[in-house]
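In full-length UniProt numbering, the protein residues as written are 1 to 288.
Heads up, the thing below is written out as structure tokens.
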Amino acid sequence: MKTVLFRFLTLSFCVFLMSNTLSAQDFQGKAYYMSKTTIDMANFGRPGMDEDMKKRIAARLKNALEKTYILTFNKSESVYKEDERLDAPGGGGGGFGRMMMGNFVAGNQYKSIKSKAFLQEQEVFGKKFLITDSIPEFEWKMTGESKQIGQYTCFKAEGTKIKYGLDVNFRRPRPGEENKEEQPEKKKNIVDVVVWYTPQIPVSQGPSDYWGLPGLILEVNEGRTTILCSKIIMNTDDKETIKVPSKGKKVSREEFDEISQKKMEEMRQNFRRGGGRPGGGRPGGGRG
1 MKTVLFRFLT LSFCVFLMSN TLSAQDFQGK AYYMSKTTID MANFGRPGMD
51 EDMKKRIAAR LKNALEKTYI LTFNKSESVY KEDERLDAPG GGGGGFGRMM
101 MGNFVAGNQY KSIKSKAFLQ EQEVFGKKFL ITDSIPEFEW KMTGESKQIG
151 QYTCFKAEGT KIKYGLDVNF RRPRPGEENK EEQPEKKKNI VDVVVWYTPQ
201 IPVSQGPSDY WGLPGLILEV NEGRTTILCS KIIMNTDDKE TIKVPSKGKK
251 VSREEFDEIS QKKMEEMRQN FRRGGGRPGG GRPGGGRG
């Protein structure tokens, strides 16, 4: 009991010192995250594909589904962007999966805690979009569980969110599915999420569109995706300006998902016919 009390008092004192530091100066921090997404092998690939082929394709896609991101944040704003890297030749899989990931390019994500604004740059077949929306409102449930992530004491919180974006499993339609009138992309896809945050960095920020807790979120578990913080740098001398994205056609997240689903289906049809790009297979198809 004394150990638990001492740990709580020590953490409270650290939070108090950090809070005074953040309030006393124009601070900025950087958090580095590794994002990993696993593949649903049961529904992966075309019907009849043997397991060895599935595993070989999944191994090539693994590189594209493991990414490093940098969250640059202050008390009220943040930008979450992919860390630039040189991919290995032939990386990212092959066939439909490689073309999909090469033509749907995610850009910087910006969120403002003060104005509740969410902006994200996206590119689909060379056409730039600017997703403009509000940051999600999470109803976090504190579980009381704690663990260490690096040097930080973290606490567990659970919630739900609407999941946007395309299916990373690249499952082709089964026979007869092409003509079904179901439109799952228009239904709200609610997913359970578990996060771990640290009050030792008392800012209501986190990776991607996550926020709303009394401390920086260091780990996210959402379905088959895990986002884990690997490094934090506070108050570096080399500070960056947090820029608000402004380029691209403005759309909501729902509108962008509809556009993406339509382009992905066009690409599937062209791929089956031996093409691979919407707009007749010419480079830059779909540009408008």
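Cβ atoms here follow ideal geometry from the backbone N, Cα and C, with glycine treated the same way.
- Determine the extent of the beta strand (DSSP E) in which ILE201 is found, giving its start and end residues. Here residue 201 is taken as the residue at index 201 of the sequence shown, counted from 1. First-last for ILE201: undefined, no H or E at that position.
- Task: Would you list the residues sitting across from GLN148 in a DSSP beta bridge?
- Result: Within the sequence shown, numbered from 1, the residue matching residue 148 stands at position 148. Per DSSP, THR153.
- Task: Could you check what DSSP says for ASP83 in three-state terms: helix, strand or coil?
- Result: Along the sequence shown, read from residue 1 onward, the residue named residue 83 stands at position 83. ASP83 falls in the coil class under three-state DSSP.
- Item | Counterpart residues of GLN109 in DSSP-defined beta bridges | Position 109 of the sequence shown, counted from the first residue, corresponds to residue 109. DSSP, once it has assigned bridges, lists TYR80 and GLN120 as partnering GLN109.
- Message: Tell me the rounded alpha-carbon separation between GLY215 and GLU51.
- Response: In the sequence shown, residue 215 corresponds to position 215, counting from 1. In the sequence shown, residue 51 corresponds to position 51, counting from 1. Distance between the alpha carbons of GLY215 and GLU51 is about 44 angstroms.
- Report the rounded CA-to-CA distance for PRO199 versus ASN270, giving the unit in angstroms. The sequence position of residue 199 within the sequence shown is 199, counting from 1. The sequence position of residue 270 within the sequence shown is 270, counting from 1. Cα to Cα, PRO199 sits roughly 50 angstroms from ASN270.
- Message: Once DSSP output is grouped into helix, strand and coil, what is the label at ASP133?
- Response: Locating residue 133 in the sequence shown gives position 133, counting from the first residue. Of the three classes helix, strand and coil, the one that applies to ASP133 here is strand, per DSSP.
- Item | Under the three-state DSSP convention, the category LYS62 falls into | Counting from 1 along the sequence shown, the entry for residue 62 is found at position 62. Residue state, collapsed to three classes: helix.
- Given 8 angstroms, three or more beta-carbon pairs between the stretch 26 to 41 and the stretch 56 to 69: yes
- Quick one: complete beta strand (DSSP E) runs, 3+ long, within the stretch 213 to 274? 216 to 222, 225 to 234 and 249 to 251
- Is there contact between the stretch 204 to 222 and the stretch 130 to 150, where contact requires at least three CB pairs shorter than 8 angstroms? yes
- So is residue 302 buried or exposed if we call it buried at 16+ other beta carbons inside 10 Å? With the chain represented from 1 up to 288, any question about residue 302 goes unanswered, as that position is not in the structure.
- Rounded to whole angstroms, what's the CA-CA distance from LYS55 to LEU61? Just pull it up for me. By 1-based counting over the sequence shown, the position of residue 55 is 55. By 1-based counting over the sequence shown, the position of residue 61 is 61. Roughly 10 angstroms separates the two Cα atoms.
- Task: For the beta strand (DSSP E) holding SER35, just list the boundary residues, first then last.
- Result: One-based indexing of the sequence shown puts residue 35 at position 35. Taken as a continuous stretch (DSSP letters only), the beta strand (DSSP E) holding SER35 covers 29 to 37.
- Task: With DSSP collapsed to three states, give me the class of ASP52.
- Result: By one-based count along the sequence shown, residue 52 stands at place 52. Here ASP52 sits in helix by DSSP.
- Query: With contact counted as at least three CB pairs below 8 angstroms, one residue from each stretch, are the stretch 253 to 260 and the stretch 223 to 235 in contact?
  - Reply: no
- Message: With the cut-off set at 9 angstroms, would you say LYS163 and GLY223 are in Cβ contact?
- Response: In the sequence shown, the residue the question calls residue 163 occupies position 163. In the sequence shown, the residue the question calls residue 223 occupies position 223. Cβ atoms of LYS163 and GLY223: closer than 9 angstroms.
- Query: According to the Cβ coordinates, are ILE217 and GLN205 closer than 9 angstroms?
  - Reply: Your numbering for residue 217 matches position 217 in the sequence shown. Your numbering for residue 205 matches position 205 in the sequence shown. Cβ distance < 9 angstroms, so ILE217 and GLN205 count as in contact.
- If we ignore side chains and look at the alpha-carbon of each, how far apart do VAL220 and VAL195 end up? Position 220 of the sequence shown, counted from the start, is the residue given in the question as residue 220. Position 195 of the sequence shown, counted from the start, is the residue given in the question as residue 195. Answer to the nearest angstrom: the Cα atoms are 4 angstroms apart.
- Task: Using beta-carbon positions only, say whether GLN28 and ASN74 come within less than 9 angstroms of one another.
- Result: The residue given as residue 28 occupies position 28 in the sequence shown. The residue given as residue 74 occupies position 74 in the sequence shown. Result yes, Cβ atoms of GLN28 and ASN74 sit closer than 9 angstroms.
- Item | One or two residues paired with THR72 in a DSSP bridge | Taking the first residue of the sequence shown as 1, we reach residue 72 at position 72. DSSP lists LYS30 and VAL79 as partners of THR72.
- Report the rounded CA-to-CA distance for GLN151 versus ILE201, giving the unit in angstroms. Locating residue 151 in the sequence shown gives position 151, counting from the first residue. Locating residue 201 in the sequence shown gives position 201, counting from the first residue. Whole-angstrom Cα-Cα distance: 12 angstroms.
- Message: On the DSSP bridge list, what partners appear for GLY159?
- Response: Here the question's residue 159 lines up with position 159 in the sequence shown. Per DSSP, VAL193.
- Message: On the criterion of 16 or more Cβ atoms from any shown chain inside 10 Å, does THR241 qualify as buried, or is it exposed?
- Response: Indexing the sequence shown from 1 puts residue 241 at position 241. Exposed, by the Cβ-count rule.
- Task: Flag this pair as yes or no: are the beta carbons of ASP192 and GLU158 separated by less than 9 angstroms?
- Result: Locating residue 192 in the sequence shown gives position 192, where the first residue counts as 1. Locating residue 158 in the sequence shown gives position 158, where the first residue counts as 1. In this structure, GLU158 lies closer than 9 angstroms to ASP192 by Cβ.
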